[in-house]
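Protein chains: 2
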Amino acid sequence: MSHSVKAFAPATVSNIACGFDVLGFAVEGPGDEVIVETRETPGIEILEITGDEGRLPKDAERNTAGVAVRELLDLHGRSNGVSIKIHKKMPLSSGLGSSAASAVAAAAATAALLDLEVDRETLLRCALEGERVACGSAHPDNATPALYGGFVLIRPGEPHDVVELPVPPTLTCALVRPHVEVQTRAARTALGDQVPLSAAVQQWGNLAALIAGLFRGDLELISRSLHDSIAEQKRAHLVPGFPEAQAAALNAGALGCSLSGSGPSIFALCDGTARAEQVADSMVAAVSDLGLGVDRLVSSVGARGVRVLR
Amino acid sequence: MSHSVKAFAPATVSNIACGFDVLGFAVEGPGDEVIVETRETPGIEILEITGDEGRLPKDAERNTAGVAVRELLDLHGRSNGVSIKIHKKMPLSSGLGSSAASAVAAAAATAALLDLEVDRETLLRCALEGERVACGSAHPDNATPALYGGFVLIRPGEPHDVVELPVPPTLTCALVRPHVEVQTRAARTALGDQVPLSAAVQQWGNLAALIAGLFRGDLELISRSLHDSIAEQKRAHLVPGFPEAQAAALNAGALGCSLSGSGPSIFALCDGTARAEQVADSMVAAVSDLGLGVDRLVSSVGARGVRVLR
Chain A
1 MSHSVKAFAP ATVSNIACGF DVLGFAVEGP GDEVIVETRE TPGIEILEIT
51 GDEGRLPKDA ERNTAGVAVR ELLDLHGRSN GVSIKIHKKM PLSSGLGSSA
101 ASAVAAAAAT AALLDLEVDR ETLLRCALEG ERVACGSAHP DNATPALYGG
151 FVLIRPGEPH DVVELPVPPT LTCALVRPHV EVQTRAARTA LGDQVPLSAA
201 VQQWGNLAAL IAGLFRGDLE LISRSLHDSI AEQKRAHLVP GFPEAQAAAL
251 NAGALGCSLS GSGPSIFALC DGTARAEQVA DSMVAAVSDL GLGVDRLVSS
301 VGARGVRVLR
Chain B
1001 MSHSVKAFAP ATVSNIACGF DVLGFAVEGP GDEVIVETRE TPGIEILEIT
1051 GDEGRLPKDA ERNTAGVAVR ELLDLHGRSN GVSIKIHKKM PLSSGLGSSA
1101 ASAVAAAAAT AALLDLEVDR ETLLRCALEG ERVACGSAHP DNATPALYGG
1151 FVLIRPGEPH DVVELPVPPT LTCALVRPHV EVQTRAARTA LGDQVPLSAA
1201 VQQWGNLAAL IAGLFRGDLE LISRSLHDSI AEQKRAHLVP GFPEAQAAAL
1251 NAGALGCSLS GSGPSIFALC DGTARAEQVA DSMVAAVSDL GLGVDRLVSS
1301 VGARGVRVLR
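Chains as they are written, first to last, in my numbering: chain A, 1 to 310; chain B, 1001 to 1310.
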């Protein structure tokens, strides 16, 4: 008997200025929907992908969702046949964790489809394997918030720790996406392998203060901590409109503003929805003035993670 | 009319494994006592230094305490004459913030002596100026806990933030000091100017998790976070006995163990006093086995900061 399960995983903002590779949060609205179905014959097949303008590989061994499902089956010694439909409800290469969302949704849907007893650690491992194939490396700062929801810290290690952080109730995210494209690999290359010790000290001092600010609900401390001493200046030139949007956001009263992941999406954290709407408007105006198209979104910080919709 | 004021500032542990240059806490017991007295003629004079084996400069312009007092007077436009006696009740060059303790105690005592209206930020600025002269650079991770007490995070910046961190009630520090000497400047030089990005990500992931662990009172998370990816391996060779003491501490059940500042003192964080005593004994045995002399101390984490004793 064939049946199907649908799952949705949200878009995510990663890095969060001073939290390069270790911080991320989920946003409301955009995300990826994955529908999995049992099939008669063994093997994983991608039946359909929508919303990607034909750009994602349908070969299951090269697709982030296909690899995540393969990993899940392998871990459980299962040889079921699974077919996958992916509906991208967020832009590709946007810095919002598109490949992570597909991988997380695919793994969660398949676990439900096959009634596998599986914890979040295992689902994360599968999603990261998908990311590794799609992006060439597995950075958990999108997949983790897409899975857990909320605002999470990932302590790197074997195994890593996922720390769910408290979020002050009025903390709100304004997001804009200039219609330009940044390749994740190019953005990684721009960083180089070495960083100045002095910049690293700045970064971890800011990150430590950001964590303390979240626990205390101290928006002023959060604001003073939202600076990126490592990646932002090396990547800014890859994102037309970023300097202008950042200046506009801070001028409009944002607590802080930086690139989401490696861009081109730009997030600003704000105190309250009304302020976040103003900040989003200001960023949109700044990017539009350059003749670029731009999307906008206002979201709580730390929306729900993946949900399975049978 | 001449009168005198005495102040005591505690020894401090800085860096705390993953918090290079941004974390420190005060310990109970060792520290520096400074007695200041008004004198008839303007100018700052160091009358006496004990406990330094004659090694510290008595020239007030080259002594950390003298410079801190000078800075305080200058900030208040005062030309009083002040004489200073310094009783070092902790070893020099031990990695326990000896120069910071003298500077903090001297500034606090002088503020009380002259009834100056002065906040902690100002006292810290004076102490850091003293440190800058004595050490060639002003790193606030000893002076800040010596002044504020407790376990503090210093977010670098202009101005920096001092964040007083919560300390789980059973968190206890075992400290040992092998009788070897490490020059702070040599320890700084060993670090170099650049660090691998991957090691920096490890470091700030651990630091962020340590801060979260302190807020949550999660000793297991604290334990998993107490690793230094940046300084420890570059400095370990400067401290005979460190690898042996660290292995002994972890084997005896310490939550984590690393160099205090640039060493030679070695701290281990432990769950409870009984465990800390065992860990201290184990570290002492490991260092003694190498034929080195060694001191030991067990202290709460985050003792009181400077106190003025009129």
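Positions of the beta carbon are idealized from the N, C-alpha and C atoms, including for glycine.
Backbone CA spacing between residue i and residue j [nearest angstrom]
i          : j          : result
Ala1007(B) : Ala1101(B) : 10 angstroms
Ile305(A)  : Val163(A)  : Checking the sequence shown, residue 305(A) turns out to be Gly, not Ile. Using only the alpha carbons, I get a separation of about 14 angstroms.
Glu37(A)   : Leu297(A)  : 32 angstroms
Ala1106(B) : Ile1035(B) : 7 angstroms
Ile154(A)  : Ile44(A)   : 30 angstroms
Glu232(A)  : Gly1272(B) : 43 angstroms
Thr1012(B) : Gly51(A)   : 58 angstroms
Leu1123(B) : Arg1039(B) : 22 angstroms
Asn251(A)  : Phe267(A)  : 14 angstroms
Val294(A)  : Leu1221(B) : 41 angstroms
Ala174(A)  : Ala1208(B) : 24 angstroms
Pro1145(B) : Glu1117(B) : 21 angstroms
Gln1202(B) : Phe151(A)  : 19 angstroms
Asn80(A)   : Pro42(A)   : 5 angstroms
Ala1065(B) : Ala286(A)  : 52 angstroms
Ala190(A)  : Val1069(B) : 47 angstroms
Ala1249(B) : Leu1056(B) : 33 angstroms
Glu61(A)   : Val67(A)   : 6 angstroms
Ser1282(B) : Ser1299(B) : 16 angstroms
Leu1290(B) : Cys1257(B) : 19 angstroms
Ser1129(B) : Val1301(B) : It should be pointed out that residue 1129(B) corresponds to Glu in this sequence rather than to Ser. Cα to Cα, the separation comes out at about 26 angstroms.
Leu197(A)  : Glu1053(B) : 35 angstroms
Proximal chain B residues relative to residue i, where beta-carbon distance stays under 8 angstroms
i         : result
Ser4(A)   : Within chain B, no residue comes near Ser4(A); the closest Cβ sits about 38 angstroms away, beyond 8 angstroms.
Gln194(A) : Gln1194, Val1195, Pro1196, Leu1197
Ala212(A) : Leu1153, Val1163, Leu1165, Ile1211, Phe1215
Ala200(A) : Val1195, Ala1200, Gln1203, Trp1204, Ile1230
Cut-off 6 angstroms between Cβ atoms - residues of its own chain near residue i, not counting five sequence neighbours on either side
i          : result
Gly253(A)  : Arg275
Gly1192(B) : none
Pro159(A)  : none
Lys85(A)   : Ile35, Leu47, Glu48
Ser1093(B) : Glu1181
Ser98(A)   : Met90, Leu92
Gln278(A)  : Ala252
Ala186(A)  : none
Own chain residues within Cβ distance below 7 angstroms of residue i, not counting five before or after
i          : result
Ala303(A)  : Pro10, Ala26, Val27, Glu28, Gly149
Met1001(B) : Legend: pLDDT at Met1001(B) = 48, less than 50; position of this residue unreliable, value from coordinates given subsequently. If we look at Met1001(B) and ignore the five residues flanking it on each side, it has no Cβ neighbours.
Glu33(A)   : Lys6, Phe8, His87, Lys89, Ala105
Gly1095(B) : Val1182, Leu1259, Ser1260, Gly1261, Ser1262, Gly1263, Pro1264, Ser1265
Leu1255(B) : Leu1219, Ile1222, Ser1223, Leu1226, Leu1269, Cys1270, Asp1271
Val1284(B) : Val1176, Val1294, Arg1296
Leu309(A)  : Lys6, Ala7, Phe8
Interface residues of chain A facing residue i [CB-CB closer than 7 angstroms]
i          : result
Arg1015(B) : This sequence places Asn at residue 1015(B); Arg is not what is there. Near Asn1015(B) there are no residues of chain A at all, since even the closest Cβ is about 11 angstroms away, more than 7 angstroms.
Val1316(B) : Outside the modelled stretch of chain B, which goes from 1001 to 1310, sits residue 1316(B), for which no answer is possible.
Contacts of residue i in chain B (Cβ-Cβ under 7 angstroms)
i         : result
Ser225(A) : Arg1155
Asn206(A) : Arg1155
Asp141(A) : Ordered by position in chain B, no residue passes the 7 angstroms Cβ test against Asp141(A), which lies about 10 angstroms from the chain.
According to DSSP, residues forming a beta bridge with residue i
i          : result
His87(A)   : Glu33(A), Thr50(A)
Glu45(A)   : Ser83(A)
Glu164(A)  : Val152(A)
Arg177(A)  : Asp295(A)
Val4(A)    : In the sequence as presented, Val is not what sits at residue 4(A); that position holds Ser. Glu37(A), per the DSSP bridge assignment.
Val1287(B) : Answer is none; Val1287(B) lacks a bridge partner.
Cys1270(B) : Thr1172(B)
Val13(A)   : Phe25(A)
Gln1194(B) : Pro196(A)
Listed by chain order, chain A residues near residue i by CB distance under 8 angstroms
i          : result
Leu1124(B) : Chain A residues near Leu1124(B): none, gap ~16 angstroms exceeds 8 angstroms.
Phe1020(B) : Val201, Trp204
Beta-carbon neighbours of residue i, restricted to chain A and to distances below 9 angstroms
i          : result
Phe1242(B) : None at all; the shortest Cβ gap to chain A is about 21 angstroms.
Leu1221(B) : Arg155, Asp161, Val163
Residue i Cβ short of 7 angstroms to the ligand PLP heavy atom set
i          : result
Cys1018(B) : Among the components of this structure there are no ligands whatsoever, and the ligand PLP is therefore not found.
Close-in-space but distant-in-sequence residues of the same chain around residue i (CB under 8 angstroms, 5 per side omitted)
i          : result
Arg188(A)  : Ser137, Ser262
Lys1058(B) : Ile1046, Ile1049
His3(A)    : Glu37, Thr38, Leu113
Proximal chain B residues relative to residue i, where beta-carbon distance stays under 9 angstroms
i         : result
Phe25(A)  : Those do not exist, as Phe25(A) stays about 14 angstroms from chain B at its closest Cβ, beyond 9 angstroms.
Leu191(A) : Leu1197
Practice prompt. Please determine if the region 204–222 of chain A and the region 1199–1214 of chain B are in contact, where contact requires at least 3 C-beta pairs separated by less than 8 angstroms.
Written response: Yes, they touch.
Discussion item. Any contact between the region 1237–1245 of chain B and the region 1132–1142 of chain B? By contact I mean 3 or more CB pairs, one from each, below 8 angstroms.
Written reply: Contact between the region 1237–1245 of chain B and the region 1132–1142 of chain B is absent, because fewer than three Cβ pairs lie under 8 angstroms.
Item to complete: For the region 1242–1250 of chain B and the region 241–253 of chain A, state whether three or more C-beta atom pairs, one from each stretch, are separated by less than 8 angstroms.
Response: Not touching, per the Cβ criterion.
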